[in-house]
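Visitor:
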Amino acid sequence: MAGVNLRPCGGGYSRAVLGIVTVALLVLAGCGSEPESNGNGNTGSTTQSSLDGVRPATVRIVAEGTFVDPEVGLQLNAAGSGSGFIIDPSGIVVTNNHVVTGAALLRVYVDGEDQPRNARVLGYSECSDLAVIDVEGEGFPSLDWHDGEANVGLDVYTAGYPLGDPEFTLTRGIISKARADGDTDWASVDSVIEHDATINPGNSGGPLVTADGKVVGVNYAGNHDARQYFAINPSEARPLIDRLRAGENVTSIGINGQAVTDGAGLNGVWVAAVASGSVAAEAGIEPGDIITHLERLELATDGTMADFCDILRSRSADDVMAIEVVRFANGEVLAGQLGGSPLEQKFSFADELADEVSTGSASSYSSFVTIADESGAITVEVPAEWSDVDGTPFSRDGAEFIDVRASSDLESFTNSWDTPGVIVTASADLASSYDEASYLDRLSENFDQVCDYTGRFDYSDPLYSGVYDMFEECGGTGAVYIIVSVMPEDRSAVIGVQIQINDERDFEALDHVLASFVLH
Numbered sequence: 001m002a003g004v005n006l007r008p009c010g011g012g013y014s015r016a017v018l019g020i021v022t023v024a025l026l027v028l029a030g031c032g033s034e035p036e037s038n039g040n041g042n043t044g045s046t047t048q049s050s051l052d053g054v055r056p057a058t059v060r061i062v063a064e065g066t067f068v069d070p071e072v073g074l075q076l077n078a079a080g081s082g083s084g085f086i087i088d089p090s091g092i093v094v095t096n097n098h099v100v101t102g103a104a105l106l107r108v109y110v111d112g113e114d115q116p117r118n119a120r121v122l123g124y125s126e127c128s129d130l131a132v133i134d135v136e137g138e139g140f141p142s143l144d145w146h147d148g149e150a151n152v153g154l155d156v157y158t159a160g161y162p163l164g165d166p167e168f169t170l171t172r173g174i175i176s177k178a179r180a181d182g183d184t185d186w187a188s189v190d191s192v193i194e195h196d197a198t199i200n201p202g203n204s205g206g207p208l209v210t211a212d213g214k215v216v217g218v219n220y221a222g223n224h225d226a227r228q229y230f231a232i233n234p235s236e237a238r239p240l241i242d243r244l245r246a247g248e249n250v251t252s253i254g255i256n257g258q259a260v261t262d263g264a265g266l267n268g269v270w271v272a273a274v275a276s277g278s279v280a281a282e283a284g285i286e287p288g289d290i291i292t293h294l295e296r297l298e299l300a301t302d303g304t305m306a307d308f309c310d311i312l313r314s315r316s317a318d319d320v321m322a323i324e325v326v327r328f329a330n331g332e333v334l335a336g337q338l339g340g341s342p343l344e345q346k347f348s349f350a351d352e353l354a355d356e357v358s359t360g361s362a363s364s365y366s367s368f369v370t371i372a373d374e375s376g377a378i379t380v381e382v383p384a385e386w387s388d389v390d391g392t393p394f395s396r397d398g399a400e401f402i403d404v405r406a407s408s409d410l411e412s413f414t415n416s417w418d419t420p421g422v423i424v425t426a427s428a429d430l431a432s433s434y435d436e437a438s439y440l441d442r443l444s445e446n447f448d449q450v451c452d453y454t455g456r457f458d459y460s461d462p463l464y465s466g467v468y469d470m471f472e473e474c475g476g477t478g479a480v481y482i483i484v485s486v487m488p489e490d491r492s493a494v495i496g497v498q499i500q501i502n503d504e505r506d507f508e509a510l511d512h513v514l515a516s517f518v519l520h
């Protein structure tokens, strides 16, 4: 799907890409207009087994609420339209996450009824872009799943209510690819079905069916220019739908969003809406936030949700996870935890201490890259200009250390006060005999002989807590040296971070180092 120009849109709001945000690969088919009545008759309450039976089991969903669109901003009491299909006569409906999650209310229009029915969300997954809702009432027509393979060349039909129109539509095509790439800017699934049965905005969540009316996929996206349309494969959807129907939220923190980037270093997951009571809501995430880091990993660097979703899939639903967001409305950077400490404004050495140095250039570093020690156990982001890297482990006083250090010139960084650089060291051997303060004493020993000691301060971030020492006027050059000592929550190792600052931009480097260092 790379290179395809996509503008996502979803139920309840227009999910167009922000002027600053230009990563969009496909068009999500979920936008629409205000609901209108429909005068068609209901055709029964049994499972449908022909194309004629698809219409009565396909519904139009109007999601109303308040959303923050990345292009137009705050939308109060906005409404958008998507589609869904009934899989059980009791009113169980499958649709897309982006159609319903975060909406204040859902109005579901059933074929043959002039008035909408209310519905409640049972479960959702932003990573698979699936949701299951329960529509008021009983005895609805329903659809069965296609039992065979979704083979290339199979005749298929897109059913739904596109463009917010109450008129049911059915378009015909064939499956052109059985297993297309499922990593996009709004979801991350193993694979999706590519077909050419036209999907328009408003078809999101509707069924892709065979000639005998069996569901072969859940429609969710399309690119009209290339006549490429996509549906979630039943092999991916059905196991998830069973869990969602039971009230479980899967690979989800409870947001309605998409991966975005501005092409200049700001990337992450844009949050258009947040489900009340969700993990995201409890952490303090708000519509209009951009989630830039999860578990200290920078998100959406490739323009997709892949990293975000892979992290969620590697954790349990109740695991505590470090998170960092940019509140786009005011530019604040907030850090906290999912399932732990709520978001609060992040301390920035660059903002607070840049006046402490007066030498060198005030220009920023060109970019930041991730480096690691030889074992890969320590990772950290450093300026790209600090390309002289050493990840060799060492032993000292009978203890083993893993270590990675970087500078533009490691020899100068090690032997002078003229060149900035960083050292990140960790030892499990010392964890039983040192705490954060005593390990900092060890790391800071003798620095007061060549630097002015400023003091010791508390340190905490979403993953680690400890203390740090700050030294100024090191070697008579005006250099600042900061040493941080922390331990992980399980206290399995001591970790030391040392960084030398020679000009203002090195404080920005320090912020990146402290926001990204991880002992895996």
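With my numbering, the residue at position 97 of the sequence shown is 97, and numbering never jumps. C-beta: ideal position from N, C-alpha, C; glycine also.
Could you pull the DSSP bridge partners for VAL269 from this structure?
Guide: Against the sequence shown, residue 269 aligns to sequence position 269. Bridge partners of VAL269: ALA259, ILE291.
Visitor: Do you know whose CA, among ALA187, ASP52, PHE517, lies nearest ASP461's CA?
Guide: For the purposes of this step, residue 461 is taken as the residue at position 461 of the sequence shown. Ranking ALA187, ASP52, PHE517 by Cα distance to ASP461 puts PHE517 first.
Visitor: Could you tell me the distance, in whole angstroms, from the CA atom of HIS520 to the CA atom of ASP129?
Guide: Within the sequence shown, the letter at position 520 stands for residue 520. Within the sequence shown, the letter at position 129 stands for residue 129. Whole-angstrom Cα-Cα distance: 30 Å.
Visitor: Secondary structure at GLN500, three-state DSSP: helix, strand or coil?
Guide: Walking along the sequence shown from the start, residue 500 turns up at place 500. GLN500: strand per DSSP, three-state reduction.
Visitor: Go through its chain and collect everything with a Cβ distance to ASP506's Cβ below 6 Å, but skip five positions before and after it.
Guide: Counting from one through the sequence shown, the residue named residue 506 turns up at place 506. PRO420.
Visitor: Are SER83 and GLY206 close, meaning C-beta to C-beta below 9 Å?
Guide: Taking the sequence shown and counting its residues from 1, one reaches residue 83 at position 83. Taking the sequence shown and counting its residues from 1, one reaches residue 206 at position 206. Yes, the pair counts as a contact, with Cβ atoms nearer than the cut-off.
Visitor: Please classify PRO70 as buried or exposed, where buried requires at least 16 other C-beta atoms within 10 Å of its C-beta.
Guide: Here residue 70 corresponds to residue number 70 of the sequence shown, with the count starting at 1. PRO70 should be labelled buried.
Visitor: For ALA178 and VAL152, which I take to be in contact (beta-carbon distance under 8 Å), what is that distance rounded to the nearest angstrom?
Guide: Indexing the sequence shown from 1 puts residue 178 at position 178. Indexing the sequence shown from 1 puts residue 152 at position 152. Confirmed, about 6 Å.
Visitor: Closest to ASP196 by C-alpha separation, out of ILE402, GLY182, ALA231, would be which residue?
Guide: As a working mapping, residue 196 is identified with position 196 in the sequence shown. That would be ALA231, whose Cα lies nearest to the Cα of ASP196.
Visitor: So within the region 270-350, which uninterrupted alpha helix (DSSP H) runs reach at least 4 residues, ignoring any that extend past its ends?
Guide: Those alpha helix (DSSP H) runs which fall completely within the region 270-350 and span 4+ residues are 279-283, 306-313.
Visitor: Assuming SER260 and THR292 are in contact, meaning their beta carbons sit under 8 Å apart, how far apart are those beta carbons, in whole angstroms?
Guide: On the sequence shown, residue 260 is found 260 positions in, with the first residue counted as 1. On the sequence shown, residue 292 is found 292 positions in, with the first residue counted as 1. A small correction: the amino acid at residue 260 is Val; Ser does not occupy that position in the sequence shown. Not a contact, Cβ separation roughly 10 Å.
Visitor: Based on Cα-Cα distance, which residue from VAL108, THR169, VAL121, VAL216 lies nearest to GLU149?
Guide: Within the sequence shown, residue 149 is the residue found at index 149, counting from 1. That would be VAL216, whose Cα lies nearest to the Cα of GLU149.
Visitor: Going by DSSP in three states, ASP373 sits in which element: helix, strand or coil?
Guide: In the sequence shown, the residue the question calls residue 373 occupies position 373. Of the three classes helix, strand and coil, the one that applies to ASP373 here is coil, per DSSP.
Visitor: What number of angstroms, rounded off, separates the C-alpha of ILE133 from the C-alpha of SER276?
Guide: Here residue 133 corresponds to residue number 133 of the sequence shown, with the count starting at 1. Here residue 276 corresponds to residue number 276 of the sequence shown, with the count starting at 1. If I take the Cα positions, the gap works out to 16 Å.
Visitor: Considering only residues of the same chain and omitting the five flanking positions on each side of GLY477, which have a CB-CB separation below 7 Å?
Guide: Along the sequence shown, read from residue 1 onward, the residue named residue 477 stands at position 477. The residue asked about is misnamed: residue 477 is Thr in this sequence, not Gly. The answer, listed in chain order, is TRP417, ASP418.
Visitor: Per DSSP, which residues does ASN223 bridge with? Please list them.
Guide: Here residue 223 is taken as the residue at index 223 of the sequence shown, counted from 1. ASN223 pairs with GLN228.
Visitor: Is there contact between the region 451-465 and the region 482-489, where contact requires at least three CB pairs shorter than 8 Å?
Guide: Touching, per the Cβ criterion.
Visitor: What does the alpha-carbon distance come out to for the pair LEU266 and THR370?
Guide: Against the sequence shown, residue 266 aligns to sequence position 266. Against the sequence shown, residue 370 aligns to sequence position 370. Approximately 16 Å, taken between the alpha carbons.
Visitor: Just tell me which of LEU76, GLN345, ILE499 has its CA closest to the CA of ALA103.
Guide: As a working mapping, residue 103 is identified with position 103 in the sequence shown. Nearest option by C-alpha distance: LEU76.
Visitor: Ignoring anything shorter than 4 residues or poking outside the region 433-457, list the alpha helix (DSSP H) runs there in chain order.
Guide: 436-444, all fully within the region 433-457.
Visitor: Quick one: what's ASN118 bridged to in DSSP?
Guide: Your numbering for residue 118 matches position 118 in the sequence shown. Its beta-bridge partners are ARG107.
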